[in-house]
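Counting from 150, one number per residue, gives the positions in the sequence shown under my numbering.
Taking it in order: structure first as structure tokens, then the write-up.
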Amino acid sequence: MPYALAIFDLDGTLADSFPWFLRTINDVADRFGFRRVADEDVEGLRHASTREILARLEVPLWKLPAIARHARRLKAEAASEIPLFAGVEAMLRTLAENGVQLALVTSDSEANAREKLGDAGALFTHFDCAASLFGKAAKFRRVIRRAGVPPGQVIAIGDEVRDIEAARAIGIACGAVCWGYAAPAALRALGPDHVFERMDEIAWTLCPGAVARMSEATSGNVSG
């Protein structure tokens, strides 16, 4: 079934923020009193769920709202250091030009998100930003309701275990990208509907006919 709405995560999916996260996390840990992340901890954390990460780092749950606010502020200050992954704008433009509505769901602020996206931000018709007490599933439901699209024609695309879990919770398709925060093996273990190893695979999967026509046209121009 063709997808009419693609809901994207931002950090680790469209924006290459993991290097910034690694540079920043221990300063945040010192400020809020949870365990620092050693270099040898990183790969293990990439295989863990959000709950497991919080438990391993001994993050006090009652501090999460303050931690999230502080992280958003730091991210805003470092916006110029967090680029989009190569090929993001071309992929998003292909989807939008072929009738797929684009939505962004992130715990970041909308202002931060738009700054990171740059010109690509104009391609999105729906934003659901800032932290939510009810998690990503509730945000997905809100976006789907606003878009007026049947759940069977919606796909959520992200780089973390919680993205897959939230999509499953409300009965929509999910796609996992292999270039973000979570390890590809951890994502594959949950059986997402699609696994994307390269950015261009998203457009190939969601708009196969359009991409094939573009490739044929390009080949024709080259051979001609």
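We put the beta carbon where it would ideally sit given N, CA and C, even for glycine.
The model shown is predicted, which means the values in this text are computed figures rather than measured ones.
At 4 residues or longer, what runs of the alpha helix (DSSP H) sit wholly inside the region 221–303?
237–246, 259–266 and 284–296
Along the chain, where does the alpha helix (DSSP H) that runs through V326 open and close?
Translated into positions along the sequence shown, residue 326 becomes position 177. Here V326 belongs to no alpha helix (DSSP H); instead the beta strand (DSSP E) covers A322 to V326.
Kindly list the residues whose CB is nearer than 8 angstroms to the CB of H219, restricted to its own chain and excluding five residues on each side of it in sequence; keep chain order.
In the sequence shown, counting from the first residue as 1, residue 219 sits at position 70. Once the five neighbours on either side are set aside, the close Cβ partners of H219 are V177, R180 and F181.
In chain order, what residues of the same chain have a beta carbon less than 7 angstroms from the beta carbon of R291, not counting five sequence neighbours either side?
Position 142 of the sequence shown holds residue 291. Hits under 7 angstroms: D277.
Report the residue from P151, E226 and A280 whose alpha carbon sits nearest the alpha carbon of E264.
Counting from 1 along the sequence shown, the entry for residue 264 is found at position 115. Looking at the Cα atoms, E226 is the closest of the given residues.
Answer yes or no: do G329 and F183 have a C-beta to C-beta separation smaller than 8 angstroms?
Position 180 of the sequence shown, counted from the first residue, corresponds to residue 329. Position 34 of the sequence shown, counted from the first residue, corresponds to residue 183. No, Cβ-Cβ distance for G329 and F183 is not below 8 angstroms.
Reduced DSSP category for F183 - H, G, I as helix; E, B as strand; rest coil:
Sequence index remark: in the sequence shown, residue 183 carries index 34 (1-based). Reduced to three states, the DSSP call for F183 is coil.
Between L244 and chain C, is there a C-beta pair that is closer than 8 angstroms?
The structure shown contains no chain C; it is built from a single protein chain.
Distance, G307 Cα to L163 Cα:
Along the sequence shown, one-based indexing puts residue 163 at 14. Along the sequence shown, one-based indexing puts residue 307 at 158. Cα to Cα, L163 sits roughly 9 angstroms from G307.
I319 - containing alpha helix (DSSP H), residue span:
Translated into the one-based positions of the sequence shown, residue 319 becomes position 170. Note, I319: premise wrong, no alpha helix (DSSP H); not H, not E.
Near N175, which residues of its chain fall below 7 angstroms by C-beta distance, leaving aside the five closest residues on each side in sequence?
In the sequence shown, the residue the question calls residue 175 occupies position 26. Excluding sequence positions up to five before and after N175, its CB lies within less than 7 angstroms of the CB of R185 and V186, all in the same chain and listed in chain order.
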